[in-house]
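Notes for the one structure printed next.
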Amino acid sequence: MYVLRAYGDGNIFGEPYGQGPVRIIWLHGWARRGQDFAAAATELARRGVASVALDLPGFGASPAPAAAGGARLYAELVMPALKEIGGGPFVLVGHSFGGTVACVVAANHPECVRSLVLTGAPLLRRPSSRPSPVAYRMLRWLHARGLVSAKRMEEARQKYGSRDYRNASGVMRDVLVASVNESYEVELARLDVPVTFLWGEEDREVPLGVATRASSLLTSTHTVKSLPGVGHLLPTEAPGELANVVGALV
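Laid out in structure tokens, this is it:
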């Protein structure tokens, strides 16, 4: 049964699993929701481990944030929820965008985090493999000078933008732009908790090399583990493996 409750300031919703003190917090990826972790969280609940899967602001049941920002903003937005949930320090599990949020939380609030599990997280900004089309750059230049209408510019964004960009609007589009322009070398270097990188070998959105490069920046204990035949959506593709890795850290 899917049961949500509000946490913190009432703007972040999440689904609790299991009974007793919460040991694990799950943070989902972009355009996803906490239910991605349902199978892993349910399995751990059967083992007597309680957890909460949050819907990050702007996704699932949680309303969009009042202002735009990337994972550094979102890390502060989830802190009221973590404080209300209590029972920490937590094993913090983050997938994709949720992984970058988890990394920042662990760097800035190490007292709340016992261990960190990251999967498919774009922790290091990758240079664009190709520049924006000339036509799109020209339209942006003209739009900035009031020579192209907002409607025409939006049509260009829909034509040339990424799928995530096309599907986002309003403040969430600004959140996406802020997120893809962040890189987390500083936070990685500051981490003082054990980190597990659990990656799908077939992840094409955030390749395994990102985990390898990110791990080289750590001074804390860390492990890199890859799962053959698994892609970017590891929480739903390999929930049993995820549950085993996370459960061993509780």
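For the sequence shown, my numbering begins at 1051 and goes up steadily by one.
All C-beta atoms, glycine included, are put in the ideal place defined by N, C-alpha and C.
How close, in whole Å, do the beta carbons of residue i and residue j come, if the pair is a contact with beta carbons under 8 Å?
i               : j             : result
threonine 1150  : alanine 1121  : 4 Å
glutamate 1015  : proline 1289  : What is shown of the chain runs 1051 to 1300, which leaves residue 1015 out entirely.
histidine 1282  : arginine 1254 : 7 Å
methionine 1222 : alanine 1114  : 6 Å
Here's the rule: buried if 16 or more other CB atoms are within 10 angstroms of the residue's CB, otherwise exposed. What is residue i?
i             : result
tyrosine 1052 : exposed
arginine 1082 : buried
alanine 1117  : exposed
serine 1179   : Unreliable placement is indicated for serine 1179, whose pLDDT of 49 sits below 50; the coordinate value is still reported in the next sentence. Serine 1179 comes out exposed.
leucine 1197  : exposed
arginine 1202 : exposed
serine 1199   : exposed
alanine 1125  : buried
arginine 1213 : exposed
In three-state terms, what does DSSP make of residue i?
i              : result
threonine 1271 : coil
arginine 1055  : strand
tyrosine 1124  : helix
glycine 1259   : helix
glutamate 1065 : strand
arginine 1254  : coil
leucine 1132   : helix
arginine 1082  : coil
arginine 1216  : helix
leucine 1106   : coil
leucine 1168   : strand
valine 1225    : helix
arginine 1073  : strand
valine 1141    : strand
valine 1296    : helix
alanine 1194   : helix
leucine 1241   : coil
Leaving out the 5 sequence neighbours to the left and right, which residues in its chain are closer than 7 Å to residue i when beta-carbon positions are compared?
i              : result
aspartate 1242 : Pro1160 and Ser1270
alanine 1091   : Tyr1067, Trp1076, Ser1101 and Ala1103
valine 1163    : Pro1139, Phe1140, Leu1142, Val1155, Ala1156 and Val1243
arginine 1097  : Gly1297
glycine 1119   : Val1225 and Ala1228
- Should the region 1056 to 1072 be called in touch with the region 1253 to 1268, which here means at least 3 C-beta pairs below 8 Å? The answer is no - the region 1253 to 1268 does not touch the region 1056 to 1072, with fewer than three Cβ pairs under 8 Å.
- Inter-stretch contact at 8 Å, needing at least 3 Cβ pairs: the region 1277 to 1292 / the region 1243 to 1258: They touch, by the three-pair rule.
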